[in-house]
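To keep things clear, I will list the structure first and then write my remarks on it.
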């Protein structure tokens with residue numbers, strides 16, 4: 025599914041990634057852990073095609089992400105990847121339903137109504153579907169963000185501190201939902217977290233320090 029080969033990323037004189045190599049299988053749930061500044065978010069951004077590495081290679085479905093044109097890489101990100109962020113990033117003027125369906129609108133995909141109905145049922149947000157984000161709790165907003173990340177049926181989902189803006193109870197509920205959906209839909213899920221309890225839900229935990237993988 026995803027291969028990272030001797031990946032390096034420099035910010036001027038700072039070495040954020042120092043030769044990271046990693047293989048991630050189809051349908052695997054990976055957690056990347058480490059202290060602030062260890063390079064875990066930089067690695068996530070490189071793997072998802074957001075950030076160009078200084079050297080090394082990233083293969084997604086056996087194709088090099090950074091040897092294709094920008095437009096082609098953007099299409100891969102839009103159609104094959106889903107993203108969940110710490111701060112939800114919902115559009116405040118749009119309803120829950122409109123936020124969820126936004127990736128389909130951007131890609132000009134038709135709505136699979138059966139899949140949509142099942143997704144919002146699985147995430148427990150049926151009753152919130154016509155509300156605005158500001159009227160929802162943090163946990164509910166993150167559930168909407170997860171639905172938005174999955175609505176276009178991506179092959180892989182990247183989650184950057186998905187529980188970082190939630191209380192302990194909501195954090196556990198959201199991660200348990202992510203784990204359940206990952207297994208049900210056979211998703212490849214890559215999650216960055218600093219919380220060892222949250223990381224423990226993954227199939228495999230990658231520990232980073234000073235831009236390197238120290239254990240996995």
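In the numbering used here, the protein residues as written are 25 to 240. In this text, a Cβ means the ideal position worked out from N, Cα and C, and glycines have one as well. Predicted model only: the values in this text are computed from it and were never measured.
Within the same chain, and ignoring the five residues on either side of residue 155 in sequence, the residues whose Cβ sits closer than 7 Å to its Cβ are 119, 120. Straight-line spacing of the CA atoms in residue 200 and residue 235 works out to 29 Å. Counting C-beta pairs closer than 8 Å gives three or more between the stretch 124-133 and the stretch 161-179, which meets the contact rule.
In the DSSP assignment, residue 39 is bridged to 34.
Apart from the 5 residues on each side of it in sequence, residue 79 sits with its Cβ closer than 8 Å to the Cβ of 30, 31, 32 in its chain, given in chain order.
Closest in C-alpha terms to residue 146, from the list 188, 81, 164, comes 164. Residue 228 is bridged by DSSP to 54.
Approximately 18 Å separates the beta-carbon atoms of residue 106 and residue 157; this is outside 8 Å, ruling out the contact. Relative to the Cα of residue 69, the nearest Cα in the group 181, 225, 50 belongs to 181. The shortest CA-to-CA distance from residue 231 to any of 25, 133, 59, 28 is the one to 59. The alpha-carbon of residue 160 is positioned some 43 Å away from that of residue 37.
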